[in-house]
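These notes concern the structure reproduced below.
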Amino acid sequence: MSKEVVIKTDKLTKKFGDFIATNSISFEVYKGEIFGFLGANGAGKTTAMKMLCGLSRPSSGEAMIAGFDIYKQTEEIKKSIGYMSQKFSLYEDLTVKENIDFFGGIYGLRSEDLKAKRAELIKTLGLENEVNQLVSSLPLGWKQKLAFSVAVIHDPKIVFLDEPTGGVDPVTRRQFWDLIYDASSRGITIFVTTHYMDEAEYCNRISMMVDGEIKALDSPFNLKKQYGADTMDEVFYELARGATRKGD
Amino acid sequence: MKQFLSFVRKEFYHVFRDRKTLLMLFGLPIVQIVLFGFALTNEVKNAKIVIFDYAKDIASQEITQKFEANQNFQLTKSLMNAKQIESAFKKENVKLAIVFPANFYEDLLHLHKAQIQIIADGSDPNTASTLQNYANAIIMDYQMDLLQNQKLPYSINTELRMLYNPELKGATTFVPGIMALVLMLICVLMTAVSIVREKEMGTMEILLVSPFNPFLVIVSKALPYFLLSMVNLTVILVMATTLLDMPIHGSLLLLVAESALLIICALSVGLLISNITKSQQAAMLISMMGMMLPIILFTGFMFPLENMPKPLQLFSNIVPSKWYYIIAKSIMLKGLGIAAIWKETLVLIGMTVLLLFLSLKKFKTRLE
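So the sequences go chain by chain: A and B. Count the first sequence with my numbering and you get residues 945 to 1192, in order. Count the second sequence with my numbering and you get residues 17 to 384, in order.
If you want it as structure tokens, here you go:
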């Protein structure tokens, strides 16, 4: 079975002066995969993710996102990806409907598509009664679910999630992951950073970054076997212990 | 285009949902107009005066009538005794006393020269000199009347005339200044804060990851504030012309066009500030403190630039509102056209282009 590669990096590097934030990382992510991108604070996760999203220009190395070159085809890449940051990135002073319409609008969805999408999204999230409420009045967990749904409103090939579940309870987090699985089953590739090791277990494969380099990359099962650990927590400690960089 | 409209609509939601912003946006100009137009005026109304008439002839009576008719003065009484003058100043809050010497009309007729003594309350020099100017104007006015009836072969007449603002109205000089101040402040502040807010909330990243053109982010941020500023301009102009009797002698269209230019210039300043600040508070502080003082000091409507030391005069040249103030004054008070103000307009255009270039360049590099 040959898997379709949607993210491919080759010796991707980002330097800030003398400091090498991301040092020659190479990996592949397949279509529909949930790819966990782990590492301690300051390990270079965010820098790597920013390069992949086109927010930051690599110092050297190659990368293809959804089949497009990271240097030359940033516009095409932007159309093929979705992004959700840890700040869950909705407009608090806009209503649920207005947020959906705005993000649908800037991704260039046509009116009728947007209307259908909006109805479907509101039904899935069970937000029928909150459609015209300001987002600021929603509980955090709902905001995050809404933010995720908005991030995939244009059916991107890949969605990047930067610590999407910070600060919510385990039940809500579990519900959030249901949305992620759902998106993954529709063929959307999920690229997610997290600090929660229980979430790492949900991923198909995970990579561990230490000091700007990828130290390990495999499925959670194989990694645990390889490091003789019972939980992902232990794997993480084992790998992160060698880090020389301080977290930020 | 649809993307652009979605964005502009969103910006309007932001403005109208935020009561504080709204209040500032529309309250500030109104407060400023009322404050500067009424409270901070150097115009004096209904100043109490007394007249002490030794002459009691046709000329002194006619002048007295003119004083009575003028709304800057309120004639409290005619005195009988020169000693009463001082007590009038001390006890009755009189601001000005006018003394006609005996044989006033006779002297005027035969010697072509007569004197009137004007006594003012020097403890308040500003009011005193303003009142003195008013009094002079009234006496000059009488002289003009007199000259029309008489044919003198030679008559040398020094005449003081206040060009463009004959009644020395305070509002007329303040309004163009307030327009400059309000438009600059509002536009700089609003743009800076609204862009920094996106950065602070983390939504800027989302926008930059989206296929929406970063340049359009700026344009769609600026457009609502541009439109709202034009509404503001209308409010100021309507208030100024109706409440403060401010004339607009020149072309209204030209005035609006020049104001639009200032607004774009201010939006560019706001954009620049948003690029160098990280928090809304910082953006607000820089816009308010960093802009307000230079604008008030160096626009020229509060403190005459001519009296400033040379370095400060040179510095005033980089304050956009200074040029706009000259332009607005020329159009509103002197009724001049573009031919007279093309230099100032060019300076303003130059500044705008430079600022826009700088801030867009800065915005671009920030994405890297």
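Where a beta carbon is used, it is the ideal one built from N, C-alpha and C, also for glycine.
| request: List the DSSP bridge partners of Y158 of chain B. | output: BP columns for Y158 of chain B are empty, so no partner.
| Tell me the DSSP bridge mates of Y974 of chain A? | A:V949
| task | Could you confirm whether any beta carbon from chain B is found closer than 8 Å to the beta carbon of Y1035 of chain A? | result | yes
| field | Best match in A:D1099, A:E1143, A:D1122 for proximity to P1164 of chain A [C-alpha to C-alpha] | value | A:E1143
| Taking Cβ positions only, does Q148 of chain B come closer than 8 Å to chain A? | no
| task | Have a look at A:Y974, A:T991, A:A987, A:D1155 and flag the residue whose alpha-carbon is nearest the alpha-carbon of I1009 of chain A. | result | A:Y974
| message | Strictly under 8 Å for the Cβ-Cβ distance: is Y974 of chain A near chain B by that measure? | response | no
| Can you find a CB in chain B that lies within less than 8 Å of the CB of F1165 of chain A? | no
| task | Throw me the rounded Cβ distance for the I1124 of chain A and I1134 of chain A pair, which I believe falls under 8 Å. | result | 6 Å
| field | Buried versus exposed, by CB contacts within 10 Å (16 or more), M305 of chain B | value | exposed
| message | Taking a contact to mean a Cβ-Cβ separation below 8 Å, would you say V470 of chain B touches N88 of chain B in this structure? | response | With chain B running from 17 to 384 in the structure shown, residue 470 of chain B is simply not present.
| said: Less than 8 Å between the beta carbons of S303 of chain B and I292 of chain B, yes or no? | reply: no
| said: Using a 10 Å radius around the Cβ and a threshold of 16 neighbouring Cβ atoms, would you call M262 of chain B buried or exposed? | reply: buried
| request: Please list the partners that D140 of chain B has in chain A, where partner means a Cβ-to-Cβ separation under 9 Å. | output: The contacting residues do not exist; D140 of chain B stays about 51 Å from chain A at best.
| query | Taking Cβ positions only, does T219 of chain B come closer than 8 Å to chain A? | reply | yes
| field | Under 8 Å by beta carbon: chain B residues contacting Y1015 of chain A | value | Simply none; closest approach about 12 Å.
| Can you list, in chain order, the residues of its chain whose CB lies under 8 Å from that of F1120 of chain A, leaving out five sequence neighbours each side? | G1085, Q1088, K1089, F1092, P1108, T1109, V1112
| message | Between which residues of its own chain and K26 of chain B is the CB-CB distance below 6 Å, once the five residues before and five after are set aside? | response | none
| Chain-order list of residues whose beta-carbon lies under 6 Å from that of T174 of chain B (same chain, five-residue window excluded) | At T174 of chain B, the pLDDT of 45 sits below 50, so the modelled position is not reliable; the number obtained from the coordinates is stated separately. Once the five neighbours on either side are set aside, T174 of chain B has no close Cβ partner at all.
| Length at least 4, wholly inside the region 212 to 250 of chain B: the alpha helix (DSSP H) runs in chain order | 219 to 225
| query | What residues in its chain sit with their C-beta under 7 Å from that of F373 of chain B, if we drop five residues either side in the sequence? | reply | none
| How many Å lie between K18 of chain B and Q1077 of chain A at the Cα? | 24 Å
| task | Return the residues of the region 26 to 40 of chain B that lie within a Cβ-Cβ distance of less than 9 Å from chain A, sorted by chain order. | result | K26, Y29, H30, R33, D34
| Distance, F314 of chain B Cα to S1080 of chain A Cα | 43 Å
| field | For I67 of chain B: DSSP bridge partner residues | value | B:S94, B:I114
| task | Reducing DSSP to helix, strand and coil, say where Y1051 of chain A ends up. | result | coil
| request: Using the Cα positions of A196 of chain B and T258 of chain B, report the straight-line distance between them to the nearest angstrom. | output: 19 Å
| field | C-alpha gap between M307 of chain B and L1058 of chain A, whole angstroms | value | 43 Å
| field | alpha helix (DSSP H) segment containing I1132 of chain A, residue limits | value | Where I1132 of chain A is concerned, there is no enclosing alpha helix (DSSP H), given that its DSSP letter is neither H nor E.
| said: Quick check: the Cα distance between R177 of chain B and A282 of chain B, rounded to an integer number of angstroms? | reply: Bear in mind that the predicted position of R177 of chain B carries a pLDDT of just 49, short of 50, making it too unreliable to give a figure here.
| field | Span of the alpha helix (DSSP H) around L1181 of chain A | value | Looking at the sequence itself, residue 1181 of chain A is Tyr, so the reference to Leu does not match. Note, Y1181 of chain A: alpha helix (DSSP H), 1176 to 1184.
| query | Does any C-beta atom of chain B lie closer than 8 Å to the C-beta of I1025 of chain A? | reply | yes
| C-beta contact flag for K64 of chain B and K111 of chain B at 8 Å | yes
| Under the three-state DSSP convention, the category R33 of chain B falls into | helix
| query | By Cβ distance, which residues of its chain are closer than 8 Å to M995 of chain A, with the 5 residues on each side in sequence left out? | reply | L956, K958, T966, R1001, P1002, A1007, I1014
| T368 of chain B, buried or exposed, once every other Cβ within 10 Å from all chains shown has been counted against 16 | buried
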